[in-house]
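**Student:** The structure is given below, and queries will be raised subsequently.
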Amino acid sequence: MLRKFILVYNPVSGDASFKFKLDHVIENFQHKGCIVIPFRITNKQDTSEFVLLTREFAVEGIIVSGGDGTIHQVINIMVDHNLDLPLGIIPSGTSNDFAAYLQLEKSIDMCVDVVVRGIIKTFDVGKVNDKYFFNVASAGLMTSVAHSADVALKNTLGKMAYYFKGLGELPNFKALKMRITADEHVIEEDVFLFLVMNSGTVGGFPRLVPYAQIDDGKLDLLIVNKCNLPELMSLFISFLKGIHHNSKHVTYIQAQNIRIECIEELDSDLDGELGPKLPLSIEVVPGKVKFFCVS
């Protein structure tokens, strides 16, 4: 009997080329004794069809082609509708941080093999108010870039479009007064940026927090406090090089429950998607999602 999977894909993710590779994906799975049911999803997609399809065909897993934002969308659908199925990833977005953490390449053949082999691991997710994130929740400097960068520029330059946009904002950015409670720690500082991470790989920075684990029942909080522009630029250059910077302007804490408040109105970002406005109540939900993994 053929193994059955649903293939969820975002037709405009990344350079929007994945839709031209569908036949290759389907052929590859068929050669390995699997059938895939393609399902096109967009930000405005009615999720009821996806949920009904998943249950009607009794699939053994869901494959997501897209970036972190597409995976975020699918995970929230699955959690909201109690779909307890493992997820496979074919990275095809502008930002593929979580796929990079899982050591998945932009190789369709490799990603198909990972799903077919069926090595499944269970990971934590974060919950922010009534939404979930699997990789990062953030607010402040750079977090609005993903929502304001020109689509054509992102399709042409990929992740570099975010960096160009973000660098242009640096001279005009101001620190915001925040109160951050992380378990028993209370921090009241002028803050440029905070990141609440699950995997430690964020924004293309390779292992920004090298010892972050996605199955340890904790979230990793990184705060960039107010500093001058040269110091801020030096921090980001270090992050881009994969150097964990022990600067006096960076605060790092592991916690299970985090509360973030700001005196000014501020949007958050969840896995590259627009999240709720602050204040945020964040908690870790251990062992909530399953992924097909390399090993």
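According to the numbering used here, the sequence shown is numbered sequentially starting from 36.
Ideal Cβ positions, reconstructed from N, Cα and C, are used throughout, including at glycine.
If distances are taken between C-alpha atoms only, which option among G102, G252, I249 and N263 comes closest to A210?
**Tutor:** Among G102, G252, I249 and N263, the Cα nearest to that of A210 is on N263.
**Student:** Do you know offhand how far L120's Cα is from S269's?
**Tutor:** Roughly 43 Å between the two C-alpha positions.
**Student:** Below 8 Å CB to CB, which residues in the same chain sit around L301 once its five sequence neighbours on both sides are set aside?
**Tutor:** The answer, listed in chain order, is A174, G175, L211, K312 and L313.
**Student:** Could you spell out where the alpha helix (DSSP H) holding T105 opens and where it closes?
**Tutor:** Unbroken alpha helix (DSSP H) run through T105: D103 to D115.
**Student:** Assess, as a yes-or-no matter, whether the region 281 to 291 is touched by the region 126 to 139 under the definition of 3 or more beta carbon pairs within less than 8 Å.
**Tutor:** Contact between the region 126 to 139 and the region 281 to 291 is absent, because fewer than three Cβ pairs lie under 8 Å.
**Student:** Taking the alpha-carbon of K323 as reference, which of L315, N233, K283 and S282 has the nearest alpha-carbon?
**Tutor:** Residue N233 is the option with its Cα nearest to K323.
**Student:** Just the Cα atoms here: how many angstroms apart are I215 and I124?
**Tutor:** Each residue's Cα considered, the two are about 33 Å apart.
**Student:** Give every residue of the same chain whose Cβ lies closer than 7 Å to the Cβ of G128, excluding the five residues on either side of it in the sequence, and list them in chain order.
**Tutor:** Within the same chain, G128 has close Cβ partners S48, G49, G101, G102, D103, G104 and T105.
**Student:** Can you give me the C-alpha to C-alpha distance between S52 and E318, rounded to a whole angstrom?
**Tutor:** Each residue's alpha carbon lies about 36 Å from the other.
**Student:** Measure the CB-CB distance between F158 and D306 and report whether it falls below 8 Å.
**Tutor:** No, they are not a contact pair.
**Student:** For the region 107 to 114 against the region 139 to 150, do three or more pairs of beta-carbon atoms, one drawn from each stretch, fall closer than 8 Å, so that the two count as touching?
**Tutor:** The region 107 to 114 vs the region 139 to 150: no contact.
**Student:** Is DSSP giving H284 helix, strand or coil here?
**Tutor:** Of the three classes helix, strand and coil, the one that applies to H284 here is coil, per DSSP.
**Student:** Using C-beta distances below 6 Å, list every residue in its chain close to F199, excluding the 5 sequence neighbours before and after it, in chain order.
**Tutor:** With a pLDDT of 42 at F199, under the threshold of 50, the predicted position of this residue should be treated as unreliable, and no value is reported.
**Student:** Would S330 and R294 qualify as a contact pair, given that the criterion is a beta-carbon distance under 8 Å?
**Tutor:** For S330 and R294, no; Cβs fall outside 8 Å.
**Student:** Please list the terminal residues of the continuous beta strand (DSSP E) segment that includes A247.
**Tutor:** From DSSP, A247 is part of no beta strand (DSSP E); its letter is neither H nor E.
**Student:** Which of helix, strand or coil does DSSP assign to G193?
**Tutor:** With a pLDDT of 43 at G193, under the threshold of 50, the modelled position of that residue is not reliable, and no figure is offered here.
**Student:** Got a sec? Which residues, its chain only, sit under 8 Å from K156 by beta carbon, not counting five neighbours each side?
**Tutor:** Around K156: D250, K325, F326 and C328.
**Student:** Can you give me the Cβ contacts of A187 inside the same chain, cut-off strictly under 7 Å, excluding the 5 residues immediately before and after it?
**Tutor:** Legend: pLDDT at A187 = 46, less than 50; position of this residue unreliable, value from coordinates given subsequently. Cβ within range, chain order: n/a, list empty.
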